[in-house]
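K.L.:
Have a look at this one before I ask anything.
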Amino acid sequence: MNTLHYIFDPLCGWCYAAAPLISAARKLPGLAIAFHGGGMLTGSRRQTITPQWRDYVMPHDRRIAQMTGQPFGEAYFEGLLRDTSAVMDSAPPTTAILAAEDIAGRGLDMIQALQHAHYADGRRIADRPVLDAIAAELGLDVAGFAAAFDRLAGEPTERHFRESIGWLGRAGGQGFPTLLLEDASGRFSRIDIGRFLGQPEAFAAALREQLPASDDEVMPHCGLDGCTDH
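Going by the UniProt record's numbering, the sequence shown opens with residue 1, and the numbers climb by one from there.
Pasting the structure below:
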């Protein structure tokens, strides 16, 4: 069994750009996907929405929309990004992802739901009531999700972040998203997804043939210090 290691953050715009590629990869037989949340906006990097933050992220978002067709809603651009009481914190949504995986093996579904909730619907995915509502919308057991969230918050989530940064180092990645393909013999190759953005079928075909992509092209990404546009 091959494993695609997906190193990401739920508040990373370029991870949202890559979401259709991950969805295509999930359909491939013989390929497991392991996710590793990197904690991009945690601790001192937590970000309260400001006009400056809106001006910073919007050019990236518009480029992502143009390149990939991913939806960015009016509720995001004119709602969430103008809500100066909203906090961008990667920890609560990552805990929600871990909880969904823990109780139902649906961490990847939670990632997708959180990305859509944030970028398309403009919801505050760092807020616990929003996370509980999204879990219910996914059909997860509400009480089980709440108990798992409480158990996995704090140090377990921080440990996940540390382990994920270890995976990023192992991959030689520059930020999020980074994909690392582990074949059945335990060998690793980093997958360049920059040339596949907006082309999920081509990406799935390349994975199917287990073709490691070139390291020459640097994909736009979000790192611990912010996002790049080239």
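Built from N, CA and C at the ideal position, the CB exists for glycine as well.
Look up L11 in the DSSP assignment and say whether it is helix, strand or coil.
P.N.:
Three-state result, L11: coil.
K.L.:
With respect to the beta strand (DSSP E) encompassing L180, which residues constitute its N-terminal and C-terminal limits?
P.N.:
178-182
K.L.:
Among L81, S44, E74, which one has its Cα closest to the Cα of V57?
P.N.:
For V57, the nearest C-alpha among the options comes from L81.
K.L.:
Looking only at C-alpha atoms, which of M110, S185, R151, Y119 sits nearest to A133?
P.N.:
M110
K.L.:
What span of residues does the beta strand (DSSP E) with F188 cover, start to end?
P.N.:
188-191
K.L.:
With contact counted as at least three CB pairs below 8 Å, one residue from each stretch, are the stretch 171-185 and the stretch 122-139 in contact?
P.N.:
no
K.L.:
Excluding the 5 residues preceding and the 5 following V142 in the sequence, name in chain order all residues of the same chain whose CB lies nearer than 6 Å to its CB.
P.N.:
A136
K.L.:
Any idea if L211 is buried or exposed, counting beta-carbon neighbours within 10 angstroms, 16 or more meaning buried?
P.N.:
Because L211 carries a pLDDT of 42, less than 50, the predicted location of this residue cannot be relied on, and the following value inherits that uncertainty. Here L211 is exposed. Its C-beta has fewer than 16 other C-beta atoms within 10 Å.
K.L.:
Please name the residue, chosen from G39, F77, N2, that lies closest to P59 on a Cα-to-Cα basis.
P.N.:
Comparing C-alpha distances from P59 to each of G39, F77, N2 shows the shortest one belongs to F77.
K.L.:
With distance defined between alpha-carbon atoms, name the residue in G172, D83, Q70 nearest to C49.
P.N.:
Cys is not the amino acid found at residue 49; the sequence shown has Ile there. Ranking the options by Cα distance to I49, first place goes to D83.
K.L.:
Which class does T68 belong to by DSSP, given the choice of helix, strand or coil?
P.N.:
If DSSP states are grouped into helix, strand and coil, T68 belongs with the helices.
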